[in-house]
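Okay, here's the thing in structure tokens:
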């Protein structure tokens, strides 16, 4: 629902999930993470922070887990950064990057690198996004690769590098369409137009 842009509907669904779903910490942490993503998209930063605090508490007894299982640190880091706690944000994101490298999990690493770029500006952000794209490209994580290319294209456009921006945005648009991420697809299409591109009208995905 989030990827289709139905954020309010996602929030309503999560609101009906109740409190403790199962005696399994990872499941509860996953629900908290989903709530955090949703509330962040809704602009409710304070509630999103509480959601990620709850996810961290649920995972506290599990030690240094593989971030492929639950990439909560990088999202909590972005939220901390947006809330003004830049030191905590940087620590959380770098810890997830360290764990992803340690476990040799490129998808989790690509996600963390893309989220790190959200806390950076200028060339540093572009470098993180380029690394995220190159890390995710050999994997099957098409949606995450779409997000990384979209972020890189957006950053390049703002830096005045419109030709390269259009290349990455075009790639991101195709990937988002293939994934059925219509909300992301709309965002990328608008960014591509702003970069001087002319995205073609997409046929319906098949099968529907």
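Residue numbers (this note's numbering): 231 to 438. Cβ coordinates follow ideal geometry from the N, Cα and C atoms, glycine included. Since the model is a prediction, treat every value here as computed from it, not as a measurement.
By alpha-carbon positions, which one of the options ends up nearest to residue i?
i, options, result
"residue 359", "391, 405, 377", "377"
"residue 329", "316, 308, 298", "298"
"residue 260", "286, 366, 348, 421", "286"
"residue 409", "386, 373, 257, 422", "373"
"residue 281", "306, 273, 296", "306"
"residue 319", "334, 243, 279, 336", "279"
"residue 427", "411, 403, 238, 333", "403"
"residue 346", "332, 361, 391", "361"
"residue 240", "254, 407, 264", "264"
Measure the C-alpha to C-alpha separation of residue i and residue j and round it to an integer number of angstroms.
i, j, result
"residue 368", "residue 414", "21 Å"
"residue 384", "residue 245", "33 Å"
"residue 394", "residue 350", "20 Å"
"residue 262", "residue 389", "35 Å"
"residue 425", "residue 292", "45 Å"
"residue 311", "residue 421", "24 Å"
"residue 335", "residue 322", "17 Å"
"residue 276", "residue 313", "8 Å"
"residue 331", "residue 344", "15 Å"
"residue 315", "residue 354", "19 Å"
Span of the alpha helix (DSSP H) holding residue i?
i, result
"residue 401", "392-409"
"residue 257", "255-271"
"residue 353", "352-366"
"residue 277", "275-289"
"residue 234", "From DSSP, residue 234 is part of no alpha helix (DSSP H); its letter is neither H nor E."
"residue 348", "That residue, residue 348, is in no alpha helix (DSSP H); it is neither H nor E in DSSP."
"residue 439", "This structure cannot speak to residue 439, because the chain is shown only from 231 to 438."
Whole-angstrom Cβ separation of residue i and residue j, contact assumed at under 8 Å?
i, j, result
"residue 304", "residue 342", "4 Å"
"residue 416", "residue 266", "Incorrect: roughly 23 Å between the Cβ atoms, too far for contact."
"residue 294", "residue 338", "About 13 Å; that fails the 8 Å criterion."
"residue 418", "residue 380", "5 Å"
"residue 232", "residue 268", "6 Å"
"residue 382", "residue 363", "6 Å"
"residue 356", "residue 386", "7 Å"
"residue 288", "residue 242", "Not a contact, Cβ separation roughly 23 Å."
When DSSP labels each residue in this structure, what does residue i get in the three-state scheme?
i, result
"residue 335", "coil"
"residue 296", "coil"
"residue 327", "helix"
"residue 312", "helix"
"residue 428", "coil"
"residue 241", "helix"
"residue 307", "helix"
"residue 319", "helix"
"residue 340", "helix"
"residue 416", "helix"
"residue 302", "helix"
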